[in-house]
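Order-wise, the sequence lines are chains A and B.
Counting in this note's numbering, the first sequence runs from 1 upward without gaps.
Counting in this note's numbering, the second sequence runs from 1001 upward without gaps.
Glycine included, every Cβ here is placed at the ideal spot set by N, Cα and C.
Here's the structure, in structure tokens; my notes come after.
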Amino acid sequence: MKYIDEFRDGSAARVVAERIAAEADPAREYRLMEFCGGHTHAIFRYGIPDLLPPNVRMIHGPGCPVCVLPIGRLDLAIDLAMRPGVTLCTYGDMMRVPGSRKRSLLRAKAEGADVRMVYSATDALRLARELPDREIVFFAIGFETTTPPTAVAVQIAAAEGLHNFSVYCNHVLTPPALVHLLETANPEDPEPVRIDGFVGPAHVSVVIGTDAYQRFAEHYRKPVVIAGFEPLDVLQSILMLVRQLNDGRATIENEYSRAVVAGGNLRAQAIVGDVLEVRETFEWRGLGDVPFSALRLRAKYAAHDAESRFAVVPVKARENKACECPAILRGVKRPTDCGIFGTVCTPENPMGSCMVSAEGACAAYYTYGRHKAPAIA
Amino acid sequence: MCLAIPAEVIEVLDATRARVSIGGVVKEIALHLVEGVVVGDYVLLHVGFALGKIDPEEAQRTLEALRALGEPLEDAA
């Protein structure tokens, strides 16, 4: 397909990899975090770690919305789904994530809850039109990429007077999470993760633009290269980061210029700004409470806000002690450091969110055979 | 979750809807988030919405930059 095949060319990839190997200084380490789960997936699917010299190390970031959603927020979604009269619409990724006491939306569905898997927020709107006697709740998760469609759905519901449509909003923001990773050492970690530079998100950046990352260059002196999701994009961005670090530069560069501009998608930003506002704080799995890192519906759309409509009371849930998802999401542990990885916890029978989502680091390791070669990973 | 795929616009139905082809599979998508889409444009499709347009000239530039890497370091840098 156009704009995909040409960015997967194997011979071009080898050339970029050779260039990285030639330019990477053997006397130093390059610790590069790919924030986005989509990049983690691409990195393993195309065997990119095997193409990199050993001193260029990829650290997997928390950019997987399914993975970072705290168990308590999932428990609330399951509670909502169990209420009489409610039809809960969710993206497919959330269905199998285990909540407290191993409850999941899939299990709730088996127990009789009306849980529907949807492809788009517009599918939930359609259900609201077709089932006027049901309360349609859209379980909204995702980063800046997935937020604008949710905001459009709320605007349409308000315009059409779809009183039975509401949104359980769990949208989160990328830059505050990056700040948190750089600023906050988790008390559980022996030492905070050291990051030399970031492979920046592709489609989040289509929406927020490259300007949104300026402070990482100016204030934190960390280079950021916005990269597409194809293997050549990822390799090219790694080379650009290596070059910046070699030169002692810290700037925001845009490898994904075919889709990302400096200001981002202003129309999408305006729609999001109309419907949603920033929460003072939000809990992230693995990162804890991160200030100004998530969105909720503005008061003028309260009629479509499931949290106020159903008087949802926040709950804190406990992590499964054996599961290392939180430390993996902070980049301080690798999936293979987890005692239950690939044995008790597999994609067929996941214990933690990082194994459920295809974008999770554990699922990527497992699916593409990293578990067989921990020495390389 | 943040994946978006390039889709070719084959018909603009109205201000908010278009039909696109994804490698031959035709699908109706929402246009609320983009402006000025015309037939022949490639858009990034994400959860049923066009999230942005793909700039063919920038795509070409990126591919050329990749090709230039095969040349000696002085030229590529």
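Enclosing beta strand (DSSP E) for residue i [first to last residue]
i, result
"D30/A", "Here the sequence assigns Tyr to residue 30/A, which means Asp is not the residue at that position. Counting along the chain, the beta strand (DSSP E) containing Y30/A begins and ends at 30-36."
"A1007/B", "1005-1014"
"V225/A", "224-226"
"P62/A", "56-63"
"E23/A", "Careful: E23/A lies outside any beta strand (DSSP E), inside the alpha helix (DSSP H) at 10-23."
"A185/A", "No beta strand (DSSP E) contains A185/A, which DSSP labels as neither H nor E."
"A1030/B", "1025-1030"
"R1019/B", "1017-1022"
Buried or exposed by the 16-neighbour rule on C-beta atoms within 10 Å, applied to residue i
i, result
"P1006/B", "buried"
"N265/A", "buried"
"T147/A", "buried"
"G369/A", "exposed"
"T1016/B", "exposed"
"P190/A", "exposed"
"I1010/B", "exposed"
"I376/A", "Low local confidence applies: a pLDDT of 46 at I376/A is under 50, so the model's placement there is unreliable, and no value is given."
"L52/A", "buried"
"Y119/A", "exposed"
"F1053/B", "Per the sequence presented here, residue 1053/B reads as Lys, with Phe not at that position. The residue is buried, with at least 16 neighbouring Cβ atoms inside 10 Å."
"P149/A", "buried"
"E1035/B", "exposed"
"P62/A", "buried"
"P98/A", "buried"
"S104/A", "buried"
"R330/A", "buried"
"E218/A", "exposed"
"V1026/B", "exposed"
"A1004/B", "buried"
"T145/A", "buried"
"E255/A", "buried"
"P314/A", "exposed"
"T343/A", "exposed"
"L1013/B", "exposed"
"A27/A", "exposed"
"P223/A", "buried"
"N164/A", "buried"
Residue i and residue j closer than 8 angstroms at C-beta
i, j, result
"I328/A", "A361/A", "yes"
"H391/A", "G142/A", "This structure cannot speak to residue 391/A, because chain A is shown only from 1 to 377."
"L1069/B", "V179/A", "no"
"R134/A", "T87/A", "yes"
"R258/A", "A1059/B", "yes"
"I271/A", "A151/A", "yes"
"F282/A", "A294/A", "yes"
"M94/A", "F139/A", "yes"
Beta-bridge partners of residue i, as assigned by DSSP
i, result
"A1050/B", "L1045/B"
"A250/A", "DSSP, once it has assigned bridges, lists no residue as partnering A250/A."
"S166/A", "V137/A"
"G197/A", "L32/A"
"Y91/A", "V118/A"
"F341/A", "C345/A"
"G142/A", "H171/A"
"P291/A", "T281/A"
"D378/A", "What the structure shows of chain A is the stretch from 1 to 377, and residue 378/A is not part of that stretch, so it cannot be assessed."
"R296/A", "E277/A"
"V272/A", "Partner(s): none; V272/A has no beta bridge."
"V86/A", "E135/A"
Host alpha helix (DSSP H) of residue i (start-end)
i, result
"M1/A", "Element bounds for M1/A: n/a, residue is neither H nor E."
"T150/A", "147-160"
"L105/A", "105-110"
"S100/A", "Neither: S100/A is in no alpha helix (DSSP H) and is coded neither H nor E."
"M355/A", "353-356"
"C325/A", "325-329"
"A363/A", "361-367"
"G218/A", "It is Glu, not Gly, that sits at residue 218/A in the sequence shown. Per DSSP, E218/A belongs to the alpha helix (DSSP H) from 214-218."
"L80/A", "71-82"
"L1063/B", "1056-1068"
"S205/A", "203-208"
"D50/A", "48-51"
Cβ-heavy atom distance, residue i to the ligand MG, below 7 angstroms
i, result
"E359/A", "In the structure shown, the ligand MG is absent, as is every other ligand, since no ligand is present at all."
Quick check: the stretch 234-250 of chain A against the stretch 1031-1049 of chain B, are there 3 or more CB pairs under 8 angstroms?
no
Given 8 angstroms, three or more beta-carbon pairs between the stretch 2-11 of chain A and the stretch 226-233 of chain A
Touching, per the Cβ criterion.
Does the pairing of the stretch 182-202 of chain A with the stretch 31-42 of chain A give three or more beta-carbon distances under 8 angstroms?
yes
Segment contact flag, the stretch 64-73 of chain A with the stretch 340-357 of chain A, C-beta cutoff 8 angstroms, min 3 pairs
yes
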